[in-house]
Amino acid sequence: DGQQSQGYRWPYGPTALIAPFNFPLEIPVLQLMGALYMGNHVTLKCASMTSMVMEEWLRLMHKVGAPPTDVNMIHCGGKVAETLLIEGRPRVTLFTGSSVVAERLASVTAGRIKIEDAGFDWKILGPVRNIVSQLEHIAWTCDQDAYAHTGQKCSAQSILFAHHDWDNAGLFDKMGEIARERSLSNLTIGPVLSHTTADIQNHQEKLLKIPGAKVLFGGKPLTGHTIPECYGAYEPTAVFVPLEELVKPENFGVCTKEIFGPFQVCTAWKSDQLKLVLDATERMSAHLTAAVISDDP
């Protein structure tokens, strides 16, 4: 209730679609089919590590009668795809992926591109009456926002600013209890495709060098698996950094570095520190999603 989504699709003609690895079916299928319904001819390039998913989808479309000439699919790396966009000059390109690549493609396509890029997404928990009655649900929601899909969503919760009332009520402990229920065996945690285990450990070590920083829960590689070393295998992790340290220029960069996996930074704030919290959110560059939970208008 209270939500509405509207999509507008247009017949551009020759178009290109560049899709990410983390939703290898949902994102490209939604975008591809909408483009085809409008009569566009689509050149499709998916992330190399998961592009076989959309190849099978196209084979299914051909099996049920879709014209095989309506979609060109190319398996290639980023440099080849960029050359294709420059020389092929599609009327419009739809890109989902990192902000670095998005900015480059916006330049080489002279703006003929629609972008959904990275998000370092924050959540603010403000003062709330009857915290005890809401604690379980808010902790569960924070777990889902940070660690569902192994944190590999551009909308995943990356940093949590919790009012001290939540900290005192045991929010971080409750989040840890829920996170520890995740495992490979029940498929509630999985491989991290864009970071190795060493990448995540190195980032965690940098955070822990900040005065007062500590691991709230997680913080260790997964064990008892056969995940290749080129991927990450890490426990759902939260690292606490004191707000006064987090906002310092020498610490802010590492505290707001996006780890596209089951990893978040947490901090706590008092009512007289609200301006510090708001200033911190404005200093972050990768805005995509956000959340505020509070009874205080």
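The sequence shown begins at 1 in UniProt numbering and counts up one residue at a time. Where is the CB? At the ideal position from N, CA and C, for every residue including glycine.
First through last residue of the alpha helix (DSSP H) which encompasses residue i
i    : result
L60  : S51 to K63
K275 : L274 to R283
A198 : T197 to L208
G88  : G78 to G88
M33  : E26 to Y37
N251 : P249 to C255
A106 : S99 to V108
Test item: CB-CB of residue i and residue j under 8 angstroms
i    : j    : result
A102 : D121 : no
V247 : L207 : no
Y12  : V108 : no
Q152 : V100 : no
W57  : L25  : yes
L135 : G176 : no
W269 : H164 : yes
R182 : Y147 : yes
S271 : P127 : yes
K45  : C76  : yes
T281 : F240 : no
With 16 other Cβ atoms within 10 Å as the buried cut-off, status of residue i
i           : result
H203        : buried
Y37         : exposed
N130        : exposed
S51         : buried
Q264        : buried
A233        : buried
Q157        : buried
residue 299 : With the chain running from 1 to 297 in the structure shown, residue 299 is simply not present.
L30         : exposed
C142        : buried
Enclosing beta strand (DSSP E) for residue i [first to last residue]
i           : result
C266        : F263 to W269
A66         : It is not in any beta strand (DSSP E) - A66 carries neither H nor E in the DSSP assignment.
residue 300 : Given a span of 1 to 297 for the chain in the structure shown, any question on residue 300 remains unanswerable.
A19         : P14 to A19
N72         : V71 to M73
DSSP bridge partner residues for residue i (one or two, in chain order)
i           : result
I113        : T93
H163        : W269
Y234        : P221
residue 298 : Because residue 298 is not part of the residues shown, which for the chain are 1 to 297, the question remains open.
V215        : V239
V192        : G232
Cutoff 8 angstroms: residue i Cβ touching any chain B Cβ
i    : result
M175 : Structure shown: chain B not included; a single protein chain is present.
Q. Which ranges does the alpha helix (DSSP H) cover as unbroken runs of at least 4 residues, wholly within the region 112 to 189, from first to last along the chain?
A. Under the rule that a run must span 4 or more residues, the alpha helix (DSSP H) segments found entirely inside the region 112 to 189 read 131 to 147, 164 to 168 and 171 to 179.
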